[in-house]
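Contents: one structure, followed by commentary.
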Amino acid sequence: MARQAYDWLSLAPLFLDTETTGLDNTAEALEIGLTDASGQVVFETRLKPTVAIGAQAAAVHGISEQALCGAPLWTDVARQLRHAIGGRPVIIFNARFDIRILKQTAAAHRDPADWLEEMTVYCAMELAAGYYGVTNRYGTISLASAASQAGLKWSTKTGHRVKVFPVSIFRFVWGLPTVIFVRS
C-alpha cells in the first residue's frame, strides 16, 4: 500500500470528492471539491441538481434544496472543472461512485462529458481495502474505518463535506500522522 500511495503522490495528483442527492442511478452531484496535495482548494462549487435531494443524503451532508437555489447548473461549471483537473491524475475515495455521479449529473444536463472517461483516476478506497481488508457488507471500507485502522484521528463534527474530504483523503494516502476534519 505504501509503495502504491507513494507512486500516486509522485504524479502530483488532485483529490476529488462530491456530495450528492442520493445513491441511486438518478442521483446527481450537488457539491464538488478538488484540492491539490498541499491542501489548497483548486475547485469548489455547489450545483443545482435536476432531482430532489433524498432525506438520507441530506442527513449525511446537511445541504438543503433551499441552499442550492442560486447555485449554478452543471453546464455552467463543467468546463471549469475540466480545466482545473487538466491532465493531472485524480485520487478519489470510492472512485467508481463519484465518477458515476459526475456522469449522471452530466447526462441529466445532456452533456456527454467525454472527458470524464479520459481522466486518470485512482481509488483510495480500493487501496485501503486491499491493505486493511473490507469492513462492510459492500466489500469495501469507509474512509472513517481506513483512517482509524491507520491510526489517524477522525472527527465528524461538521459532517461529511467536500471542503475537508479531499484533504483528508490526501492525508490518508500520504500517511500523515493525523487526519483532522475540523480545525478548531
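Residue numbers are given in full-length UniProt numbering: position 76 of the sequence shown equals residue 76, and the series is strictly consecutive.
For glycine and all other residues, C-beta sits at the position ideal for the given N, C-alpha and C.
Give me the Cα-Cα distance between residue i and residue j, rounded to the nearest whole angstrom.
i      : j      : result
Thr105 : Val41  : 22 Å
Ile99  : Glu28  : 11 Å
Cys123 : Phe93  : 6 Å
Ala95  : Leu14  : 13 Å
Leu68  : Gly62  : 12 Å
Arg110 : Arg79  : 14 Å
Ala59  : Leu81  : 26 Å
Glu126 : Glu65  : 32 Å
Asn136 : Gly70  : 37 Å
Gly87  : Ser142 : 28 Å
Ile101 : Trp115 : 14 Å
Tyr132 : Tyr6   : 17 Å
Gln4   : Phe43  : 26 Å
Val134 : Asp24  : 22 Å
Ala107 : Gly151 : 40 Å
Asp76  : Lys103 : 15 Å
Met119 : His83  : 12 Å
For residue i, count neighbouring Cβ atoms within 10 angstroms of its own Cβ and tell me buried if that reaches 16, exposed if not.
i           : result
Glu19       : buried
residue 194 : Lying before the first or after the last residue shown, residue 194 is absent from the chain, which here runs from 1 to 184.
Gly22       : buried
Ala2        : exposed
Thr158      : Low confidence applies to Thr158: its pLDDT is 45, below 50, so where it sits in the model is not reliable, and the reading given next is rough at best. Thr158 is exposed by the Cβ-count criterion.
Gly33       : buried
Ala55       : exposed
Glu117      : exposed
Ala52       : exposed
Leu140      : At residue 140 the sequence reads Thr, which differs from the Leu that was named. Label assigned to Thr140: buried.
Thr35       : buried
Quick one: measure Cβ to Cβ for residue i and residue j, integer angstroms, because I've assumed they're closer than 8 Å.
i           : j      : result
Pro72       : Thr45  : 7 Å
Ala128      : Ala146 : 4 Å
residue 185 : Trp8   : Residue 185 lies beyond the range of the chain shown here (1 to 184); nothing can be said about it.
residue 185 : Leu16  : Residue 185 cannot be examined here, being either before or after the span of the chain that is shown, 1 to 184.
Trp74       : Leu30  : Not quite, the Cβ-Cβ distance comes to about 10 Å (not below 8 Å), so this is no contact.
Kindly identify the DSSP beta-bridge partner or partners of residue i.
i      : result
Glu31  : Glu19, Arg46
Cys123 : Ile92
Val41  : Thr35
Leu14  : Val90
Residue range of the alpha helix (DSSP H) that residue i falls in?
i      : result
Tyr6   : 2-9
Gln76  : According to the sequence as given, residue 76 is Asp; it is not Gln. Note, Asp76: alpha helix (DSSP H), 74-85.
Glu65  : Note, Glu65: premise wrong, no alpha helix (DSSP H); not H, not E.
His61  : 55-61
Ala144 : 143-149
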